[in-house]
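Structure, as structure tokens:
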């Protein structure tokens, strides 16, 4: 029935449109707005917006095993752009069924009513994940907005060969980290231990998490609290600002040709990064294969064992989906089924969020770290110590302000400016929430 | 439609009977019909253009203006369904834009950038065009192509290429400066940033403007030069007193395009932003709009900013046109 009606209407539109030369435009618009109704007739068709490479290969495994639910992967941009696109699609009423969402974007999307509560379909997966991760996908409420997919626990990567050569010790605390930075500068005057990049607010957020910073929190009365310049985060900003001012930590942004060069040439001796770092090093510093080693992140108090996270994403179901249950079923399979996890590791090269994906023989030591056979065993131990992140509904504003304010501070190499930059991020983020009408206070 | 062939055969049959009643009957009814079609024909020809113009220009502009008068209103904690609504905001977004010092700075930065780019680019374009137009110019077609070639390079590629050349660690220029122990300027710092962007724009834009001016120069009839030479004018005199005044309208046109391009500078700073920490996300007016709309998801504020920028461009363009118009008219008088 519906097919017939569509054909007729399209033909009549075509007749009128040919004269105007609009054929292609209209034909392209025609198909998208009619949705299959009901699950009984034919297979359920789901669209999945994802930016991860090779995700379609994992979906193909599902499609082969579940002929009644077909998932089509649609490639998207990552970061802030997919968020804007999703909000727009939601406004137009045609958001995709399934969405790959970075953890820090979850509150923004929930606030725009893009993500559906899937507690009743997937609430039972709670036991599969670490508590910190689960807190991020529930936003601390009773609802469940997404299923964790991959995690990015922070670690300390260093050049084993150069550390040995210059007699540097692997720092266990941030105080030791500062000493190592000074020693490294003394040993190799034109090198740095690492850099502080104002273009990567995600890393700074992870470091603040480790220190105990809580940037956005919701209290039981239904009020947000913005605490970006809380004592813990201030400590982190001042620590890095001090080292940059001292000249023992570089102030250049990451992910530039110059940064690649510094890693490859060995003028950066270490990198504070997440579990996915091997994938970046392969392309950024190809000549250093087998020369790196990974260790736990330095701690603020000796004897402590906490890390933050940088990146990581989850799978959500949109409120526009006509097949929320089927979509949630796929999301559950994708992120908890052993076969799916193995495929995610192999094809998409992610570090799975599911606890059982982090152990066993799913993960094989990255070739780039062939000298560290227990890479993933160590990574698993570190991942278990990830502190819970507290994200809010306007992370984008905080991140852009961070880039601008800390960009100025790192350029100037002044510790005091790091402090005021943090205050700027706090006031802009708070002001933006207030302006939009959120119930919000400052910490 | 089907009557057309019949009518044709009708005419050929009736043709020989020049003043037969049949002819008059078959011609007369067709005349008003043809006239009626003729009257509406222009409108039919306009329909495709007007439809596309309405669909892709008028309606989006109207929607942007409508959005610019609204804002989002969040209730309570702002999570889930019905937490957000779109409410009327009057001119609230506009007063925000005018009060926004960051946007003001971005406009000032664009003007500063324009002050470097426009005189340099147009000066070089005029100089190259005049040089190519001198009778002694050797291998002119080749030189013309070489000057024009950078314009054919897409802006984003040009920006990335220059960005690599500006980065001390990967640039061959810095390698040479280092070799000879010369000072190595930071091209991403403060004032140098303007020069770095201006350099990309001049490199890419000179060729286009040169072609516009050169074409105008070629259109000047050569007997004017002959007359001038008989009067004893040198090549320099011909250039200054004949060529430049005659190509003035082309110079005004290129100036006009350049001013608009300056206000819309986007590609170069956007492409170079990830390479440095010295470039704010609202460096140029269009970057400020992009940042609002696509990074902060504030489509309302972004629309208002876009409307303000469009109006400012409009006012500036018309003022410049007026001034240049008066100037050229007085010149002629």
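Residue numbers (our numbering), protein chains in the order written: chain F, 44 to 486; chain Z, 13 to 345. Ideal placement from N, C-alpha and C gives every residue a C-beta, glycine not left out. What you are looking at is a predicted structure, and each value in this text was computed from that prediction instead of being measured.
Query: 9 Å Cβ cutoff met for residue 348 of chain Z and residue 270 of chain Z; Result: In the structure as shown, chain Z begins at 13 and stops at 345. Residue 348 of chain Z is therefore absent and cannot be evaluated.
Query: The beta strand (DSSP E) enclosing residue 375 of chain F, as first and last residue numbers; Result: First-last for residue 375 of chain F: 367-379, but that is the alpha helix (DSSP H), not the beta strand (DSSP E).
Query: Chain C contact residues for residue 447 of chain F, given Cβ-Cβ distances below 7 Å; Result: Protein chains in the displayed structure are F and Z, and chain C is not among them.
Query: Cβ contact (3+ pairs, closer than 8 Å) linking the stretch 184-192 of chain F and the stretch 377-397 of chain F; Result: yes
Query: Alpha-carbon to alpha-carbon, residue 112 of chain Z and residue 286 of chain Z; Result: 24 Å
Query: Short CB-CB distance (under 9 Å) between residue 270 of chain Z and chain F; Result: no
Query: Top-ranked residue by Cα proximity to residue 231 of chain F, from F/145, F/260, F/309 and F/466; Result: F/309
Query: Per-residue DSSP class, three states only, for residue 195 of chain F; Result: strand
Query: Residues near residue 101 of chain F by beta carbon distance below 8 Å, same chain, minus five either side; Result: 377, 383, 386, 387, 390 and 391
Query: Rounded C-alpha distance that separates residue 183 of chain F from residue 261 of chain F; Result: 8 Å
Query: Assumed close pair residue 127 of chain F, residue 278 of chain Z - CB separation to whole angstroms, cut-off 8 Å; Result: Actually they do not touch by this definition, with Cβ atoms about 17 Å apart.
Query: Nearest candidate by alpha-carbon position, reference residue 429 of chain F, set F/95, F/118, F/476 and F/256; Result: F/256
Query: Secondary structure of residue 355 of chain F, DSSP reduced to three states; Result: strand
Query: Three-state class that DSSP yields for residue 113 of chain F in the structure shown; Result: strand
Query: Per-residue contacts from residue 182 of chain Z into chain F (C-beta, under 7 Å); Result: 300, 301 and 304
Query: Residue 215 of chain Z versus residue 370 of chain F: straight-line alpha-carbon distance, rounded; Result: 52 Å
Query: Listed by chain order, chain F residues near residue 96 of chain Z by CB distance under 9 Å; Result: 154, 155, 156, 479 and 480
Query: Coarse secondary structure for residue 337 of chain F, derived from DSSP in three states; Result: strand
Query: Residues that DSSP places opposite residue 260 of chain F in a beta bridge; Result: F/268
Query: Partners in chain Z for residue 130 of chain F, counting only beta-carbon separations shorter than 7 Å; Result: 309
Query: Sheet register partners of residue 172 of chain F (DSSP bridge); Result: F/397
Query: Reference residue 219 of chain F, options F/415, F/343 and F/399, closest by Cα; Result: F/343
Query: Beta carbon proximity, residue 182 of chain F to chain Z, threshold 9 Å; Result: yes
Query: Below-9 Å beta-carbon distance, residue 87 of chain Z vs any chain F residue; Result: yes
Query: CA nearest to the CA of residue 114 of chain F, picked from F/89, F/136 and F/164; Result: F/89
Query: Beta carbon proximity, residue 408 of chain F to chain Z, threshold 9 Å; Result: no
Query: Cβ of residue 112 of chain Z within 9 Å of any chain F Cβ; Result: no
Query: Every unbroken alpha helix (DSSP H) inside the stretch 243-296 of chain Z [4 residues or more]; Result: 247-250, 260-275 and 279-284
Query: Cα-Cα separation, residue 157 of chain Z to residue 168 of chain Z; Result: 21 Å
Query: For residue 186 of chain Z and residue 180 of chain Z, believed in contact at Cβ under 8 Å, the rounded distance; Result: 4 Å
Query: Within 9 Å, strictly: CB atoms of residue 82 of chain Z and residue 312 of chain Z; Result: yes
Query: Where residue 78 of chain Z sits in the DSSP three-state scheme; Result: helix
Query: Neighbour list for residue 265 of chain F in chain Z, Cβ cutoff strictly below 8 Å; Result: 88 and 89
Query: Below-9 Å beta-carbon distance, residue 437 of chain F vs any chain Z residue; Result: yes
Query: Secondary structure of residue 145 of chain F, DSSP reduced to three states; Result: strand
Query: Length at least 4, wholly inside the stretch 131-182 of chain Z: the alpha helix (DSSP H) runs in chain order; Result: 152-160 and 167-178
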